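Just so you know, the sequences run in chain order R and P. Just so we're aligned, residue 1 is where the first sequence starts under this note's numbering, counting upward by one. Just so we're aligned, residue 1001 is where the second sequence starts under this note's numbering, counting upward by one. Beta carbons: idealized from backbone N, C-alpha and C, even for Gly. Just so it is clear, the structure is predicted and the values come from calculations on it, not from any experiment. Notes follow once the structure below has been shown.
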Amino acid sequence: MKLRTILTSAALSVGMALSAGAALAHGKGMMTMPGNGQTVGADTKVMHLMFTDPMQITTVTMAAPDGKTYKINGPAANQAVKTWEGKLPKLAPGAYKIDWRGMSPDGHPMNGSFAFKVAN
Amino acid sequence: MGGVLAALEPVQIASILVKAGMYVSVLLAAGSVINLWLLRELDAVASRRLRRLAAWSAIVGIVFSALNIPLRAAFFYGGFGGALDPMMLQIALFSPLGLSVEADSLGLLAIATIALNRSWTRPVAFLGVVLVAISFALRGHATEDPRLALATLFVIHILAASFWIGGFYPLYDMAERGNEAAVRTVERFGQAALVLVGLLVVAGVVILVILAGDPIAVLTQPWGQFLTLKLAVVALLLGLAGLNKLRLTPALAETGNPGPLRASIRWEVAAFLVILLVTATFTSTVAPEHVG
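Structure follows, in structure tokens:
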């Protein structure tokens, strides 16, 4: 087998692996409010990300049922916090998904997501 | 493992490719300097070529290392737009990654001076090699407890890997001559490899045990599966190294025909590229959960 064949096979293997399913799991040991899968009232005004160690949360976005993605504002990205509180926009009934990113105290990039519903 | 790869975003894919490029160039730069010192039978032409390779690899390594910062900023931001966001760049720059990139770049600059071939450039380049190895201990899992032990093991692992990857070009180059100097060069590398490859494997295994606990239990995690893939290619690489030492080097001495040894080195290079790509992928995507 020639070198080119080996490199092509390696590239194909990575490509095939890229086409498989499932999702990344990060931020284990953390809690959120609302919790993942929870149904909340339309009067919910804030969300929380809670960690065992202080985290720098750099970006939090929320995908809403109207198809738009909202940026959620909270403590500054360069500030490490154990509990991050973000102000939610006015919620309409439907399914929401929150995505967050940040950095752990030892410098690891972290990300995670959770979903919740707003009752009619 | 496939699931982890499928969930990768464009920013993460770019980060993995840049990291793999950084591994190749940085290890090649450091390893070329180590082999310039170790392989004393290199002739003037081979020495000059190796110095040039070290310098060019160092320059490419600085570019790849520096790219880590805007890419990390882009990850924090959630898209490539973050690569230019001042707040995200500041967070990336003042993180352990930033410190590591600064140390790495300084070390690579020192290595690049070897192209000048003055009396002071070899010690400076050697300091650069040490700095580059230390830079790997300033980021990621090397900064976890027990920090001193992990940092030391990572430095050993990086130096030994550099030695190996940096040996491919001078061996390939010298083997072509098929003369006595070529045989002595390959034999000398083989003797050093017995110690350094041993250190590479032992340091890797101890790092695995410290980070993951029970190495068998982690095989059920995506991290363990990436690691298994890496170890399978490492096993292939060790097999080729054994073949080189026990069969192909004596054959070169007997026949003066460099063909089989050079072909084997090409395979080793391919295996090393796969190992570095797999390492860049799993160190960028999944962390081990400590078991046991």
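Distance, P:ALA1083 Cα to P:VAL1011 Cα: 10 Å
If you run the structure through DSSP and keep just helix, strand and coil, what is P:PRO1250? helix
In chain order, what residues of the same chain have a beta carbon less than 7 Å from the beta carbon of R:ALA23, not counting five sequence neighbours either side? Its pLDDT being 28, under 50, R:ALA23 is placed unreliably in this model, and the coordinates cannot settle the point.
Cβ of R:ALA77 within 8 Å of any chain P Cβ: Output row for R:ALA77: interface = yes.
At a cut-off of 7 Å, would you count P:ILE1114 as near the ligand ATP, judging by its Cβ distance to the nearest heavy atom? Ligands in the displayed structure: none, and consequently the ligand ATP is not present.
Where does P:LYS1019 land, buried or exposed, given buried means 16+ other C-beta within 10 angstroms? buried
On the DSSP letters alone, give me the boundaries of the beta strand (DSSP E) that R:PHE116 sits inside. 109-118
What does P:LEU1237 touch in chain R if you count any residue whose Cβ is under 9 Å from its own? Within 9 Å Cβ-Cβ: nothing; P:LEU1237 doesn't reach chain R, min ~12 Å.
DSSP on R:GLU85, reduced to helix/strand/coil? Looking at R:GLU85 - three-state DSSP - the assignment turns out to be strand.
Roughly how many angstroms lie between the CA atoms of P:ILE1059 and P:ASP1085, to the nearest whole one? 26 Å
Could you have a look at R:MET30 and say whether DSSP puts it in helix, strand or coil? Annotated three-state conformation of R:MET30 is coil, per DSSP.
Chain-ordered chain R contacts of P:PHE1080 [CB-CB under 7 Å]: Residues of chain R passing the Cβ test: none, with the nearest at roughly 13 Å.
Spatial neighbours of P:TYR1172 in its chain, beta-carbon cut-off 7 Å, leaving aside the 5 residues before and after: ARG1262, ILE1265
I need the straight-line Cα distance from P:VAL1274 to P:LEU1231, nearest angstrom please. 11 Å
Other residues of its chain near P:PHE1154: CB distance less than 6 Å, five sequence neighbours each side excluded: PHE1136, ALA1137, ALA1142
Counting only beta-carbon atoms, is R:THR8 nearer than 8 Å to chain P? Because the pLDDT of R:THR8 is 47, which lies under 50, any placement of that residue in the model is unreliable, and the question is left without a value.
Along the region 1065-1093 of chain P, what residues have a CB closer than 7 Å to any CB found in chain R? ARG1072, PHE1075, PHE1076, TYR1077, GLY1078, MET1087, MET1088, GLN1090, ILE1091
Does the separation of the CB atoms of R:PRO75 and R:ILE57 fall below 8 Å? yes
Segment limits, beta strand (DSSP E) that includes R:GLN56: 46-63
May I ask which residues mark the beginning and end of the alpha helix (DSSP H) holding R:ARG101? Here R:ARG101 belongs to no alpha helix (DSSP H); instead the beta strand (DSSP E) covers 94-103.
For R:ASN73, which of helix, strand or coil comes out of DSSP? strand
Let me see if you follow: with CB-CB separation under 8 Å, is P:LEU1097 close to chain R or not? yes
Here's the rule: buried if 16 or more other CB atoms are within 10 angstroms of the residue's CB, otherwise exposed. What is P:ASN1035? buried
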